[in-house]
Structures are given as structure tokens and as C-alpha cells.
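Taken in sequence, the protein lines are chains U and L.
Just so you know, we're using the working numbering here: the first sequence kicks off at 1 and counts up by one.
Just so you know, we're using the working numbering here: the second sequence kicks off at 1001 and counts up by one.
Using N, Cα and C, we set each Cβ at its ideal position, and we do this for glycine too.
Being a predicted model, the structure only gives us computed values, none of them experimental.
Working notes for the structure below.
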Amino acid sequence: GDSVTQMEGPVTLSEEAFLTINCTYTATGYPSLFWYVQYPGEGLQLLLKATKADDKGSNKGFEATYRKETTSFHLEKGSVQVSDSAVYFCALTPMDTGRRALTFGSGTRLQVQP
Amino acid sequence: DVKVTQSSRYLVKRTGEKVFLECVQDMDHENMFWYRQDPGLGLRLIYFSYDVKMKEKGDIPEGYSVSREKKERFSLILESASTNQTSMYLCASSLAGGYLTDTQYFGPGTRLTVL
Chain U
1 GDSVTQMEGP VTLSEEAFLT INCTYTATGY PSLFWYVQYP GEGLQLLLKA
51 TKADDKGSNK GFEATYRKET TSFHLEKGSV QVSDSAVYFC ALTPMDTGRR
101 ALTFGSGTRL QVQP
Chain L
1001 DVKVTQSSRY LVKRTGEKVF LECVQDMDHE NMFWYRQDPG LGLRLIYFSY
1051 DVKMKEKGDI PEGYSVSREK KERFSLILES ASTNQTSMYL CASSLAGGYL
1101 TDTQYFGPGT RLTVL
């Protein structure tokens, strides 16, 4: 079945450091790919998405490129802030099956220190 | 502003009790979902609904049932709560009636503890 694998956390960085959170997937068909973020005490919210190969999603300084050849969707940010501290979830939904819901990775906690 | 609300942020119940978790969305969305979130496991789909009175099982439906009598409301029911159902429960909704490329909007979650 479909699955998403994320790097284990927590990831601890100093403010203004470069961030990469790795995400790889296994899916039949051609999935859409998402990054969701969960701030402390809140529900998940969509950070960015990409619906086809080579698409780049971007939002709030975060970027991720849909790489079909490596089945990856790594999240990057050039300079993190303390306010970016949260749990980040990579997710997919396939385009050519009847499944209507997201398959999530296990989440990666990011801690940014001042 | 889009909104998904859940009836409780924290809930403590005893083993064997019947538990109702309520979710309401104000966006006129067709799809609604219930997930549970556990450390190291991410979010796992319990049930979803793509229309009033319609429901489909997700990946882990055992021990749960759902009800969708009105478009805006989706209830998760634990018929006889057990300690292994202690978890964070998240409700979500989305607009699309077909394949899911639209954004899912999440509620704040209900942390359920079963003693």
C-alpha cells in the first residue's frame, strides 16, 4: 500500500539556520504531495502542496519540489525562525484510485533555538 | 475564515463507556474525516464521509463507528471505550467530492484518555 517515510526527529536548529526535512514516498499511480504543519496546541494546517512531477510548492519561505525519479518531496527553508518550531507532516493522496483521504508520514518535530 | 470545531479539547472516560466525539465545519464541505494521531505513527484514518449518511472505513475502523446526519456535522463513536483508544483525535474536512487535491482543514483535536 501507499506509504510516506519522514526523517526522525526532533530536529534542533539555531535561528537563521538552513532546514531540510526529508520525505520519500511509495505509491501506486501519481500522487499529490503535501506538507502540513502542526503548531503547539493546534490542529494541522496546509503548508504547501504539489500535484505533479517537478512542481514546486512554496509558502512562508518553505519550499518542496516533487521529484518523481527519486520519489521524494523534501521540505527546505533557507533561514528558520523560532516561530517555525512545530511538527511537520509529509502526506500524499493518489490521483488514480478511489482513496479520498491523505496518507501521512510519522511527523518530524522541529525545534528552533534563539 | 474557515473553521472546523471539535466538541472537546480534553476528555477523560472509563473503560467500557460509550464516547461521542463531535465535529462541525462551517465551509459547506462534502468530505469529512476522522484521524487518530499517535507518537511515531503520524495520523491514521479511521473513517471518512463524502456525503450526508455516506461513510467509508479508513485504515483502522475497528472499535469505532461514525454518523453523518447533516452535512456540517460528523460524529465519531467509540461503542465501548478501551485503553488502547487513548489518543489524539483529529477531524478534517475538504471541498472536493472526487479525488483529493483540495486542502483538508483540520480541527484543533480532542485528546481522549481512557482509564
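Counting only Cβ-Cβ distances below 9 Å, residue 1108 of chain L has contacts in chain U at 41, 42 and 43, in chain order. When DSSP assignments are scanned along the stretch 1063-1112 of chain L, the uninterrupted stretches of beta strand (DSSP E) that are 3 or more residues long and fall wholly within it turn out to be 1064-1070, 1073-1078 and 1087-1094. Restricting attention to alpha helix (DSSP H) runs no shorter than 4 residues, the stretch 49-111 of chain U encloses none. Its Cα nearest to that of residue 1038 of chain L, the residue U:87 stands out among U:110, U:111, U:93 and U:87. Residues of the stretch 1017-1033 of chain L with a Cβ closer than 8 Å to any Cβ of chain U, in chain order: 1031 and 1033.
Beta-bridge analysis with DSSP links residue 1055 of chain L to no other residue. Between the stretch 1001-1016 of chain L and the stretch 47-67 of chain U there are fewer than three C-beta pairs closer than 8 Å, too few to call the two in contact. Nearest in C-alpha terms to residue 1065 of chain L, of all of L:1083, L:1041, L:1033 and L:1092, is L:1033.
In summary, the residues of the stretch 1033-1051 of chain L whose CB is separated from some CB of chain U by less than 7 Å are 1033, 1040, 1041, 1042, 1043, 1045, 1048 and 1050, in the order they occur in the chain. DSSP, reduced to helix, strand and coil, places residue 1026 of chain L outside both helices and strands of the structure shown, so it counts as coil. With the rule of 3 Cβ pairs closer than 8 Å, the stretch 49-60 of chain U does not count as touching the stretch 102-112 of chain U.
The stretch 22-35 of chain U makes contact with the stretch 74-88 of chain U, as at least three CB pairs between them are under 8 Å.
When the five nearest sequence neighbours on each side are left out, the beta carbons in the same chain lying within less than 7 Å of the beta carbon of residue 1029 of chain L are those of 1093, 1094 and 1095, in order along the chain. Residue 7 of chain U sits in coil when the DSSP states are folded into three classes, being neither helix nor strand. Using a Cβ-Cβ distance cut-off of 8 Å, the stretch 1076-1093 of chain L and the stretch 1049-1059 of chain L are not in contact, since fewer than three pairs of beta carbons, one from each stretch, lie closer than that value.
Residue nearest to residue 1107 of chain L within the set U:54, U:39 and U:69 is U:39 (criterion: CA-CA distance). The beta carbons of residue 1112 of chain L and residue 1013 of chain L sit closer together than 9 Å. Here DSSP, grouped into helix, strand and coil, assigns residue 1009 of chain L to coil.
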